[in-house]
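Student: Below are the structure tokens for one structure; questions will follow.
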């Protein structure tokens with residue numbers, strides 16, 4: 001029982017004393033905490049800024065170091081013949097990497113591009129056995145349009161379906177190629193089909209000229225047109241893009257159609273380079289294409305990626321392979337080096353997205 005003279009409520013004086021004690025400047029804990037955590041935001045900002053700069057421009061630093069290193073290591077690297085040879089060799093990879101870039105920007109990925117190189121080459125070669133080159137080319141483009149529509153449509157049926165859809169598509173396309181060719185190379189088609197892959201203009205490979213022109217057109221499309229900017233919007237935030245009235249499914253399907261058509265062009269280039277349609281052509285190219293896109297700073301989460309950076313990524317992969325050949329190093333080393341470069345690019349991309357060091 002409590003007496004009337006004794007109060008259980010804290011007095012105003014006690015409350016003020018407790019409040020004063022809680023915020024007393026003599027308490028070292030808050031001061032110590034501030035001293036420990038104050039530098040962290042600066043470190044985070046520095047890390048994020050460094051990662052962002054590296055993601056945008058680091059690839060050109062790697063390219064420059066690679067060129068200088070190879071020029072010092074082997075005198076034949078900077079010869080005109082070798083550089084033109086590299087330009088011709090990277091053309092196929094360049095076309096399919098640009099296609100992959102378009103799908104990655106929208107938040108998807110096309111893994112059928114390598115298989116499409118083989119199937120398109122086989123289809124065009126087989127049509128070219130009895131028909132003129134323009135008809136064979138038209139057949140290849142129709143094939144690309146159809147495959148792109150199917151890939152795009154199925155990929156929009158749910159979230160993050162493109163990997164599964166195109167992985168299955170890759171297997172199907174490779175199987176179809178082997179079936180229609182019976183696993184044998186196709187020869188004897190209209191010689192005009194070789195021009196894009198084998199022809200030159202002032203000793204410059206036609207395929208390289210075509211790649212440069214295509215890159216300029218795609219860069220202008222992505223940066224200067226409404227549809228191109230909508231690709232980035234769809235990949236950056238699909239729900240916000242939907243609320244803004246952007247037809248998401250149509251843009252994704254367009255990206256896949258363009259990717260498939262670029263793979264067809266890559267198949268035509270390879271057809272001309274080897275003067276035959278090989279059933280195994282293009283197998284495994286999709287992995288290097290995705291790698292080139294990631295090295296160029298694009299994100300598999302979508303909403304980012306540049307044409308010129310992707311081309312720089314393709315060139316880096318091409319120079320690594322070329323340099324290893326010139327230096328007479330075991331060719332398998334190229335797989336290791338390329339894998340390390342791709343992994344480094346992915347880590348830097350994730351570092352930028354997460355804001356630097358945590």
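Numbering (UniProt numbering), first residue to last: 1 to 358.
We put the beta carbon where it would ideally sit given N, CA and C, even for glycine.
These figures come from a predicted structure and were not determined experimentally.
Classify residue 134 as helix, strand or coil using the three-state DSSP reduction.
Tutor: The answer is helix: DSSP assigns residue 134 an H, G or I state.
Student: Name the DSSP beta bridge partners of residue 277, please?
Tutor: DSSP, once it has assigned bridges, lists 186 as partnering residue 277.
Student: Could you compute how far the alpha carbon of residue 116 sits from the alpha carbon of residue 282?
Tutor: Cα-Cα distance, rounded: 7 Å.
Student: Closest Cβ-Cβ distance between residue 246 and chain E: below 8 Å?
Tutor: In the displayed structure, chain E is absent; only one protein chain is listed.
Student: Assuming residue 292 contacts residue 97 (C-beta within less than 8 Å), just tell me the rounded distance between them.
Tutor: The Cβ separation is near 4 Å, so the contact holds.
Student: Is the CB-CB distance between residue 252 and residue 160 below 8 Å?
Tutor: No; because the gap between Cβ atoms is not below 8 Å, this pair is not in contact.
Student: For the alpha helix (DSSP H) containing residue 229, name the first residue and the last one.
Tutor: Taken as a continuous stretch (DSSP letters only), the alpha helix (DSSP H) holding residue 229 covers 226-236.
Student: Have a look at residue 237 and residue 301 and give me their C-alpha separation to the nearest angstrom.
Tutor: The alpha-carbon atoms of residue 237 and residue 301 are separated by roughly 10 Å.
Student: Determine the contact status of residue 144 and residue 124, defining contact as a CB-CB distance below 8 Å.
Tutor: No.
Student: Skipping 5 residues on each side, what residues in its chain have a beta carbon closer than 7 Å to that of residue 219?
Tutor: 307 and 308.
Student: Would you say residue 128 and residue 198 are within 8 Å of each other, going by their C-beta atoms?
Tutor: No. Outside cutoff.
Student: Roughly how many whole angstroms lie between the Cα atoms of residue 284 and residue 114?
Tutor: Rounded to the nearest angstrom, the two C-alpha atoms are 6 Å apart.
Student: Mind checking which residues open and close the alpha helix (DSSP H) that includes residue 109?
Tutor: Here residue 109 belongs to no alpha helix (DSSP H), and DSSP marks it neither H nor E.
Student: Can you tell me the Cα-Cα spacing of residue 79 and residue 71, whole angstroms?
Tutor: Cα-Cα distance, rounded: 10 Å.
Student: Give the range of the alpha helix (DSSP H) segment to which residue 171 is assigned.
Tutor: Counting along the chain, the alpha helix (DSSP H) containing residue 171 begins and ends at 162-181.
Student: Taking the straight line between their C-alpha atoms, what separation do you get for residue 23 and residue 226?
Tutor: Here the model assigns residue 23 a pLDDT of 45, short of 50, so the residue's position is not dependable and the matter cannot be decided.
Student: Ends of the alpha helix (DSSP H) at residue 293?
Tutor: Element bounds for residue 293: 285-295.
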